[in-house]
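For the protein sequence lines, the chains are A and B, in the order given. Take 18 as the starting number for the first sequence in our numbering and just add one per residue. Take 18 as the starting number for the second sequence in our numbering and just add one per residue. We treat Cβ as the ideally placed atom computed from N, Cα and C, and that holds for glycine. Each remark here refers to the structure printed beneath this line.
2 protein chains.
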Amino acid sequence: MQTQSENACFGGTQGVYTHASSACACDMTFGLFLPEEARDGPVPVLWYLSGLTCTHENAMTKAGAQTWAAEQGIALVFPDTSPRGEAVADDEAYDLGKGAGFYVNATQDPWAPHFRMWDYVAEELPALLGENFAIDLDRQAITGHSMGGHGALTLAMGLPGRFRSVSAFAPIAHPSASDWGRKQLGAYLGEDEATWAAHDATLLMREAGFDGPVLTDTGTKDQFLDLLKPEALFEAAAARRQQGTMRMQPGYDHSYFFVSTFMEDHVAFHAEALYG
Amino acid sequence: MQTQSENACFGGTQGVYTHASSACACDMTFGLFLPEEARDGPVPVLWYLSGLTCTHENAMTKAGAQTWAAEQGIALVFPDTSPRGEAVADDEAYDLGKGAGFYVNATQDPWAPHFRMWDYVAEELPALLGENFAIDLDRQAITGHSMGGHGALTLAMGLPGRFRSVSAFAPIAHPSASDWGRKQLGAYLGEDEATWAAHDATLLMREAGFDGPVLTDTGTKDQFLDLLKPEALFEAAAARRQQGTMRMQPGYDHSYFFVSTFMEDHVAFHAEALYG
Chain A
18 MQTQSENACF GGTQGVYTHA SSACACDMTF GLFLPEEARD GPVPVLWYLS
68 GLTCTHENAM TKAGAQTWAA EQGIALVFPD TSPRGEAVAD DEAYDLGKGA
118 GFYVNATQDP WAPHFRMWDY VAEELPALLG ENFAIDLDRQ AITGHSMGGH
168 GALTLAMGLP GRFRSVSAFA PIAHPSASDW GRKQLGAYLG EDEATWAAHD
218 ATLLMREAGF DGPVLTDTGT KDQFLDLLKP EALFEAAAAR RQQGTMRMQP
268 GYDHSYFFVS TFMEDHVAFH AEALYG
Chain B
18 MQTQSENACF GGTQGVYTHA SSACACDMTF GLFLPEEARD GPVPVLWYLS
68 GLTCTHENAM TKAGAQTWAA EQGIALVFPD TSPRGEAVAD DEAYDLGKGA
118 GFYVNATQDP WAPHFRMWDY VAEELPALLG ENFAIDLDRQ AITGHSMGGH
168 GALTLAMGLP GRFRSVSAFA PIAHPSASDW GRKQLGAYLG EDEATWAAHD
218 ATLLMREAGF DGPVLTDTGT KDQFLDLLKP EALFEAAAAR RQQGTMRMQP
268 GYDHSYFFVS TFMEDHVAFH AEALYG
């Protein structure tokens with residue numbers, strides 16, 4: 018593992034690290050914020066999964082999450098959104114290939130050799146964090162934005178017992194019924210839609226829900242509402258009697274100005290679960 | 018004036034606007050955060066001047082200032098750092114020409130026709146803000162980072178009575194004695210160093226100081242300490258018995274991770290002066 022940078026930040030350290038990933042069969046880079054408390058021993062961790070076109074860097078520099086994670090003594094991990102490098106397949110569209118891994122293990126060519134973001138985020142990266150940093154893997158929570166909100170919700174519901182709480186900012190809530198989803202799940206997983214169900218938050222909510230608290234925020238002026246389909250997830254959550262809070266925020270759009278506005282709420286929500 | 022974008026942000030609006038600048042003889046773009054309170058009438062304003070290579074956008078997306086400005090009911094203005102456009106002279110170096118206006122009115126060619134950032138920030142942009150937005154020009158404060166910290170300190174001391182408070186993050190504190198300064202002041206103002214004195218915070222502090230509170234933060238691990246020369250400004254401020262707080266922050270560098278860490282303190286400092 019190589020240290021790309023480490024900056025003092027809110028009393029802790031914002032680091033960027035690169036490592037050879039076996040899941041993705043390429044070098045992967047992630048951001049990790051460790052609060053001051055990590056100097057004295059393992060701290061709980063909040064995963065932040067990013068959206069289409071992002072790298073590890075966008076949320077790390079624009080979401081303002083360190084402010085509140087430092088206050089709560091929580092680590093933040095910012096994974097990349099896809100495998101990277103010249104050997105990795107790509108597509109001209111912004112929403113397929115690099116920057117658009119959708120947090121699945123691809124089974125279809127040309128994606129299958131590298132696009133294994135589910136395994137990367139669910140297995141390889143947590144193990145790496147636990148071995149190399151003062152991270153308490155018994156206290157994990159997860160959030161994300163847009164495609165990353167989809168990732169957070171599907172990982173949380175797909176790995177029962179792993180995360181104490183899950184939240185999402187403007188998640189892609191029902192990808193198997195959206196152009197943000199059908200295209201990518203078809204490309205990565207093939208045309209058998211039965212294989213998509215494990216990667217659709219609304220279907221997972223209908224099927225099993227989440228064994229902890231859920232928080233989602235979506236802006237009423239989000240320019241992608243028709244693709245996000247929050248109404249599907251809201252309906253499924255209420256029908257299941259899922260413990261949680263599903264909010265529509267008046268006037269907010271899809272940008273990081275929206276994400277940063279509600280970040281304090283989300284980190285406080287996760288802190289309550291992580292320290293409860 | 019053209020609206021480039023407006024995003025809901027912490028209950029207010031983060032806007033980006035472009036206008037034909039007479040001071041710079043080109044189109045100029047700036048960011049403006051208006052808190053919720055601006056809907057009910059004029060609010061005080063905190064100027065944030067950015068550093069070398071930045072546009073209006075860097076601090077607007079990375080400094081986290083809106084969090085605290087919203088809490089305090091203060092507007093934030095993020096000017097660009099130089100004139101822009103094909104007609105504007107430039108230099109291959111990152112620290113001269115575009116992105117490096119140094120907040121002076123250039124008198125030397127090829128810079129003189131457009132590089133009038135002092136007039137732009139001191140005269141044209143405040144007038145434009147007062148005419149078009151709910152900004153109370155009787156309650157202004159100013160801050161900035163690096164070259165922008167230099168700008169904040171020199172504007173505050175050079176315009177007595179204009180700003181109620183001034184702060185700076187890692188300011189270029191003594192440019193006439195630094196390679197971040199001698200090159201640019203020489204290029205923009207010519208070789209007569211007497212003309213530089215109005216643009217050197219340390220010399221201004223020795224000469225007259227500031228008629229209000231001053232706050233500066235600089236990291237002990239700042240990679241540019243030899244160019245910033247905080248020791249010169251510290252010495253001058255103490256010798257003058259300047260009201261103020263000059264801090265060296267252990268472990269912090271020159272990045273926005275440093276700026277965002279101490280932004281809450283700076284906004285609270287200015288709020289006290291603006292509402293006092």
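Residue i - containing alpha helix (DSSP H), residue span
i: B:W128; result: No alpha helix (DSSP H) contains B:W128, which DSSP labels as neither H nor E.
i: A:Q89; result: A82 to Q89
i: A:T171; result: M164 to G175
i: B:G203; result: R199 to L206
i: A:T78; result: E74 to K79
i: A:F251; result: P247 to R257
i: A:M222; result: A218 to E224
Collapsed DSSP secondary structure at residue i in the structure displayed
i: A:S39; result: coil
i: B:A27; result: The displayed chain sequence assigns Phe, not Ala, to residue 27 of chain B. B:F27 falls in the coil class under three-state DSSP.
i: B:V105; result: coil
i: A:Y273; result: helix
i: B:P192; result: helix
i: A:Y292; result: helix
i: A:F279; result: helix
i: A:F47; result: strand
i: B:D153; result: strand
i: B:L69; result: coil
i: B:V94; result: strand
i: B:G147; result: helix
i: A:Y137; result: helix
i: B:L113; result: coil
i: A:V284; result: helix
Within chain A, partners of residue i - CB distance below 8 angstroms
i: B:Q31; result: F274
i: B:G81; result: G81, T84 and S277
Residues near residue i in its chain [Cβ-Cβ closer than 6 angstroms; skip 5 each side]
i: B:D234; result: F186, R264, Q266 and F279
i: A:N122; result: R133, W135 and D136
i: A:P61; result: I91, D153, R156 and L291
Beta-carbon neighbours of residue i, restricted to chain B and to distances below 7 angstroms
i: A:G268; result: A25
Close-in-space but distant-in-sequence residues of the same chain around residue i (CB under 7 angstroms, 5 per side omitted)
i: B:M172; result: In the sequence under discussion, the amino acid at residue 172 of chain B is Leu, which differs from the Met named in the question. Excluding positions up to five away in sequence, the list reads Y120, V138, A139 and I159.
i: A:Q21; result: V33, Y34, T35 and T46
i: A:P143; result: L154
Residues of its chain near residue i, where Cβ-Cβ distance is below 8 angstroms and the 5 sequence neighbours each way are ignored
i: A:Y111; result: L69, T70 and A117
i: B:S39; result: E141
i: A:G261; result: F227, P230, V231, L232, T233 and A254
i: A:D239; result: A187, L245, Y269, D270, H271 and F275
Distance between beta carbons of residue j and residue i, contact taken as under 8 angstroms
i: A:A87; j: A:P52; result: 5 angstroms
i: A:F50; j: A:H73; result: Contact flag wrong, Cβ pair sits at about 11 angstroms.
i: A:G168; j: A:L66; result: 4 angstroms
i: B:A190; j: B:L245; result: 6 angstroms
i: A:H287; j: A:S184; result: 7 angstroms
i: A:G203; j: A:P188; result: So it is not a contact: roughly 20 angstroms between Cβ atoms.
i: A:L273; j: B:T78; result: Before going on, a small fix: residue 273 of chain A reads as Tyr here, not Leu. Yes, A:Y273 and B:T78 are in contact; Cβ-Cβ is about 7 angstroms, under 8 angstroms.
Residues that residue i contacts on chain B, provided the C-beta gap is smaller than 8 angstroms
i: A:G236; result: A25
i: A:T78; result: T78, K79 and Y273
Segment limits, beta strand (DSSP E) that includes residue i
i: A:G236; result: V231 to G236
i: A:V1; result: Outside the shown range of chain A (18 to 293) lies residue 1 of chain A, about which nothing can therefore be said.
i: B:G261; result: G261 to Q266
Chain-ordered chain A contacts of residue i [CB-CB under 7 angstroms]
i: B:K115; result: Result: empty, since nearest Cβ-Cβ is about 22 angstroms, beyond 7 angstroms.
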